[in-house]
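To start, the structure itself, in structure tokens.
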């Protein structure tokens, strides 16, 4: 008979479970370089996403590969060269900085990885690294304040495509939107207040990335609420997932936080592509209307982006400034994005812990 002295204690075979959470932070993406081939590669991957250009596959393939990518890539490459920093793309630089800072504040029970929906580092490669960590769960934080099928929805779809064949699936949670997160509003408002303390502005413009109107109507599950008018005056259960309504709500929250009076601000939309109707009003059409009313100075926000990129630095910061001055305006000031600021890292930390 075996002596009880030789029996192993239960503690020999048991250990306390260690919970470890993976954090996947995802932004839209950027070319690997501002060269024409890399920009063309990026445009093809980005625009071939059926959630970005939602037309039949053959039509989309012909449009992207025979028209947009060949002709737009050289022009876009020139713009990206203006944006590029010695260290690379600002979007990726700020992304890696947030990854590092977030890892530090979350601690050893979390593993943080940056991914881009398009190009590198890819969602697939980041999830492959997280898979090795024996995780209890994964939190996916899409860096898009307002939900849209073409952005947040596309991230969801790609994550699920990658993990669908995993034999062991940890719990996966997604952040849907964070336009009303107190720290997000505070962060952008503080940036605006900084400029407002330096001078008086005649008007404040909140310019958001645009979407085709058809994508908004397709997302209207009621099939009769979306009218592209007063339906966006309030955000409720009927339009809670409507990108346009969320943008107007973001403006209302920022206006309240900064104390901007009615009539002194405008919500509008940029970056439209093609001839089909996009959500209105268009930023480039609002600018001449403002100057005709005597507006000489504008403070411009782009609150659909959390990191400076082509759409903020170049489009809003330079191209719209040139248009404003051409139309008779004097001072156009872009409010920078949150980038890798401490309060933005705090926002993401809170999104992770309360996902």
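In UniProt numbering, the protein residues as written are 1 to 355. For glycine and all other residues, C-beta sits at the position ideal for the given N, C-alpha and C. Just so we're clear, the structure is a prediction, and the values are computed from it rather than from any experiment.
Under the Cβ criterion (8 angstroms, minimum of three pairs), the segment 190-210 counts as touching the segment 300-316.
The C-alpha of residue 348 is placed about 9 angstroms away from the C-alpha of residue 184.
Following the DSSP letters along the chain, one finds residue 343 inside the alpha helix (DSSP H) bounded by residues 342-353.
Judged by DSSP in its simplified three-state form, residue 86 adopts coil rather than helix or strand. CA-CA distance, residue 213 to residue 89, rounds to 30 angstroms. Annotation: residue 271 to residue 82 spans about 18 angstroms, alpha carbon to alpha carbon.
Cα atoms of residue 177 and residue 290: separation of roughly 31 angstroms, rounded to the nearest angstrom. Cβ-Cβ separation between residue 154 and residue 51: approximately 4 angstroms, consistent with a contact (criterion under 8 angstroms). For the segment 175-204, there is no continuous beta strand (DSSP E) assignment of 3+ residues that stays within its boundaries. Taking the C-beta atoms as reference points, residue 86 is found no nearer than 8 angstroms to residue 137.
The distance from the Cβ of residue 279 to that of residue 252 is about 17 angstroms, inconsistent with a contact at the 8 angstroms cut-off. Residue 232 sits away from residue 225, with the two beta carbons spaced by 8 angstroms or more.
The Cβ-Cβ distance between residue 73 and residue 36 falls below 8 angstroms. Assignment of beta strand (DSSP E) within the segment 80-162, counting only whole runs of 3 or more residues, yields 110-118 and 137-142 in chain order. Taken through DSSP and simplified to helix, strand or coil, residue 253 comes out as helix. By the Cβ-count criterion, residue 315 is buried, with 16 or more other Cβ atoms from all chains shown falling within 10 Å of its own Cβ. Nearest in C-alpha terms to residue 99, of all of 57, 30, 160 and 22, is 22. Assignment of residue 24 by DSSP, reduced to helix, strand and coil, places it in the strand class. Rounded to whole angstroms, the separation of the alpha carbons of residue 118 and residue 26 is 10 angstroms. As a beta-bridge residue in DSSP terms, residue 173 pairs with 139. Between residue 181 and residue 66, the alpha-carbon positions lie close to 42 angstroms from each other.
Between residue 335 and residue 191, the CB-CB gap stays under 8 angstroms. Less than 8 angstroms separates the beta-carbon of residue 187 from that of residue 344.
Residue state for residue 334 is assigned as strand, using DSSP reduced to three classes. Per DSSP, the unbroken beta strand (DSSP E) holding residue 298 starts and ends at 297-301. The secondary-structure analysis by DSSP pairs residue 209 across a beta bridge with 270. Ranked by how close their Cα comes to the Cα of residue 142, the residues 221, 134 and 116 have 116 in first place. Within the model, the alpha-carbon separation for residue 162 versus residue 127 is close to 8 angstroms. Rounded to whole angstroms, the gap between the alpha carbons of residue 351 and residue 175 is 7 angstroms. When secondary structure is reduced to three states using DSSP, residue 166 falls in the coil class, being assigned neither helix nor strand.
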